[in-house]
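Visitor: First, the structure itself, so that you have it in front of you.
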Amino acid sequence: MSLTHRPVAEEDIQLICGFPQSEDELFFLFPKAIFPLAASQLQEAIAQRSDSTVVELGGEVVAFANFYRWEAGGCCSIGNVIVSPAARGRGVARYLIESMICIAFSKHQATEVTVSCFNKNVAGLLLYPKLGFQPYGIEERQDKRANRVALIHMRLPRNAT
């Protein structure tokens with residue numbers, strides 16, 4: 255399995271829009287978006303964010319993420335994380351997050367990287383601690399059905415890598 259990453263391209267957007275398979279999955283990826291994810295919603299998020307990145311597996315785009323906060327010498331916060339349904343469980347998310355961590359520390363000289371994960375996103379909650387992220391806060395939010403959910407904030411200090 256050969257994974258590579260590169261900046262997102264216009265031709266990737268429609269494919270990425272098909273990755274979330276349900277309203278819940280879209281909520282994990284992009285809480286403000288409306289299901290199904292429209293190209294215009296994703297393009298708007300990309301325009302407001304930094305380092306939108308895709309992962310390719312055998313030349314095919316299988317994952318996407320970016321930074322919603324990026325401070326030179328400060329904190330970079332990873333958001334909009336999604337892996338194609340066909341590529342899940344194959345180490346793609348680990349590669350994607352490790353790539354984003356590398357971009358944060360090398361390009362932005364970040365002192366820490368943060369990520370936030372909803373309590374129902376079991377895959378994310380199990381992955382991030384394996385990569386060194388530690389929880390530091392929990393925020394109450396509401397999902398699209400007005401149910402209470404917990405947004406768990408995690409951080410990875412530069413000296414932890």
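Note that the sequence shown ends on residue 415 in this note's numbering; no numbers are left out. Glycine included, every Cβ here is placed at the ideal spot set by N, Cα and C.
1) Decide if ALA364 is buried, meaning its Cβ has at least 16 other Cβ atoms within 10 Å, or exposed.
2) In this structure, does DSSP put ARG409 in helix, strand or coil?
3) So, at 7 Å on beta carbons, what are the nonlocal neighbours of TYR349 in its own chain, with the 5 sequence-adjacent residues on each side left out?
4) Quick check: what's the CA-CA separation for GLY328 versus GLY386?
5) Could you tell me whether the Cβ atoms of PHE284 and LEU296 are closer together than 9 Å?
6) If you draw a straight line from the alpha carbon of SER370 to that of GLU325, how long is it in whole angstroms?
7) Count the other C-beta atoms from every protein chain shown that fall within 10 angstroms of the C-beta of ASN401, then say buried if there are 16 or more, exposed otherwise.
8) Identify whether PRO274 lies in helix, strand or coil by the three-state DSSP scheme.
9) Could you pull the DSSP bridge partners for HIS259 from this structure?
10) With DSSP run on the structure shown, which of helix, strand or coil describes GLU393?
Guide: In this structure, then:
1) When all chains shown are included, ALA364 counts as buried.
2) The answer is strand: DSSP assigns ARG409 an E or B state.
3) Beyond the five residues adjoining it in sequence on each side, TYR349 comes within less than 7 Å, by CB distance, of LEU257 and VAL309 in the same chain, given in chain order.
4) The straight-line gap from Cα to Cα measures roughly 18 Å.
5) Going by beta carbons, PHE284 and LEU296 fall inside the 9 Å limit.
6) Straight-line spacing of the CA atoms in SER370 and GLU325 works out to 17 Å.
7) Exposed, because fewer than 16 other Cβ atoms sit within 10 Å of the Cβ of ASN401.
8) Residue state, collapsed to three classes: coil.
9) DSSP, once it has assigned bridges, lists VAL309 as partnering HIS259.
10) Strand at GLU393.
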